[in-house]
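**Student:** Structure incoming, see below.
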Amino acid sequence: MQHLHAVCSAVEELGTCISSNEGTFPLAFVAFRLEQVAAEVWPRPHMTSSSARSMAVGCDNHNKAFGTPLIVSSLSRSCNGSVLALLRAYELLLGRHVAGVSDAEVSSTRMRHQLLAGLFMQCSMAAEELSGVQLGLAADDSYDAGHGTPESLLRTSTKLAVGTDPTTARQMGYLAEACERFALEAHRLGGVAGEELAKSFDDLRRRL
35 MQHLHAVCSA
45 VEELGTCISS
55 NEGTFPLAFV
65 AFRLEQVAAE
75 VWPRPHMTSS
85 SARSMAVGCD
95 NHNKAFGTPL
105 IVSSLSRSCN
115 GSVLALLRAY
125 ELLLGRHVAG
135 VSDAEVSSTR
145 MRHQLLAGLF
155 MQCSMAAEEL
165 SGVQLGLAAD
175 DSYDAGHGTP
185 ESLLRTSTKL
195 AVGTDPTTAR
205 QMGYLAEACE
215 RFALEAHRLG
225 GVAGEELAKS
235 FDDLRRRL
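Numbered according to this note's numbering, the sequence shown spans residues 35 to 242.
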């Protein structure tokens with residue numbers, strides 16, 4: 035874990051300096067390497083495609099996620115707090131669409147669980163952030179229109195329920211769809227850990 039702390043600190047410092055585009059700071063690739071460090075499956079010297087496949091099979095019985103809060107926090111700060119950018123990076127990894135990351139590396143149960151655990155934390159952060167935006171908008175409207183009267187508080191509750199801000203509502207919808215996709219992926223992993231993750235995604239989706 036001490037090694038992971040050091041690597042995350044270096045990534046955070048580097049990302050805040052050069053994360054202006056994918057060419058200078060390939061977020062998905064960097065995220066995957068951090069997740070591999072946490073799972074203790076990287077670095078591996080002189081790794082070939084056959085040894086990567088062997089490693090993937092060997093990791094299937096060890097599907098507990100490690101270091102997720104540290105990794106997500108560091109990556110989020112490295113990309114200026116853009117939770118949606120980080121979500122897209124992890125989605126690319128799950129879809130096996132990241133240059134420099136082989137199918138064998140990303141296909142093991144252990145690594146997919148590691149990635150999904152990171153995605154759940156990101157979805158939770160995004161939901162909290164969007165709820166805060168809605169609350170702020172509704173509170174402003176309540177203060178301007180009703181000056182804090184009980185009737186204005188009722189209007190505030192209604193706004194929070196229906197999500198009248200179009201941008202926030204779209205982002206909430208995207209997040210709910212993402213949670214549904216990730217829950218299905220977690221179900222496919224199977225096992226206790228996979229089912230627990232699937233339930234967590236389902237519970238979060240219902241709260242959105």
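Yeah, the Cβ is synthetic: ideal placement off N, Cα and C, and Gly gets one too. Predicted model, so just to flag it, every value in this text is computed and none were measured.
#1: Relative to the C-alpha of Glu125, which candidate in Ser136, Pro77, Gly152, Leu223 has its C-alpha closest?
#2: Going by C-alpha distance, which of Leu109, Gly225, Asp199 is nearest Met159?
#3: What does the Cβ neighbour count give for Ala232, buried or exposed, with the cut at 16 atoms within 10 Å?
#4: Output the boundary residues of the alpha helix (DSSP H) element that contains Arg130.
#5: So Gly224 is in the alpha helix (DSSP H); what residue range does that whole segment cover?
#6: Could you check whether Gly49 and Phe59 sit closer than 7 Å to each other, using their CB atoms as the reference points?
#7: So is Leu31 buried or exposed if we call it buried at 16+ other beta carbons inside 10 Å?
#8: Helix, strand or coil for Pro103? Go by DSSP, reduced to three states.
#9: Within 10 angstroms of its Cβ, does Ser43 collect 16 or more other Cβ (buried), or is it exposed?
#10: With distances taken between CB atoms, is the gap from Ala133 to Leu61 smaller than 7 Å?
#11: Please confirm whether Val71 and Val41 have their CB atoms less than 7 Å apart.
#12: Could you say which of Glu47, Asp236, Ala65 lies nearest to Pro103 if we only look at CA atoms?
#13: What do you get for Gly101, buried or exposed, if any count of 16 or more other CB atoms within 10 angstroms of its CB means buried?
**Tutor:** According to the data block:
#1: Numbered from 1 along the sequence shown, position 91 holds the residue referred to as residue 125. Distance check between Glu125 and each of Ser136, Pro77, Gly152, Leu223 places Gly152 closest, using alpha-carbon atoms only.
#2: Counted from its first residue, the sequence shown places residue 159 at position 125. Comparing Cα positions, the closest option is Leu109.
#3: Locating residue 232 in the sequence shown gives position 198, counting from the first residue. Per the 10 Å Cβ criterion, buried.
#4: What you label residue 130 is simply residue 96 of the sequence shown in a count that begins at 1. Here Arg130 belongs to no alpha helix (DSSP H), and DSSP marks it neither H nor E.
#5: Indexing the sequence shown from 1 puts residue 224 at position 190. Here Gly224 belongs to no alpha helix (DSSP H), and DSSP marks it neither H nor E.
#6: One-based indexing of the sequence shown puts residue 59 at position 25. One-based indexing of the sequence shown puts residue 49 at position 15. The Cβ-Cβ distance between Phe59 and Gly49 falls below 7 Å.
#7: The structure shown does not extend to residue 31, since the chain is modelled only from 35 through 242, so no value can be given for it.
#8: Here the question's residue 103 lines up with position 69 in the sequence shown. Note: Pro103 maps to helix in three-state DSSP.
#9: Along the sequence shown, one-based indexing puts residue 43 at 9. With fewer than 16 Cβ atoms within 10 Å of its Cβ, Ser43 is classed as exposed.
#10: Here residue 133 corresponds to residue number 99 of the sequence shown, with the count starting at 1. Here residue 61 corresponds to residue number 27 of the sequence shown, with the count starting at 1. Cβ distance not < 7 Å, so Ala133 and Leu61 don't count as in contact.
#11: As a working mapping, residue 71 is identified with position 37 in the sequence shown. As a working mapping, residue 41 is identified with position 7 in the sequence shown. The beta carbons of Val71 and Val41 sit closer together than 7 Å.
#12: If you number the sequence shown from 1, residue 103 lands on position 69. Selected option, being the one with the closest Cα: Ala65.
#13: In the sequence shown, residue 101 corresponds to position 67, counting from 1. Counting Cβ neighbours within 10 Å, Gly101 comes out buried, since at least 16 surround it.
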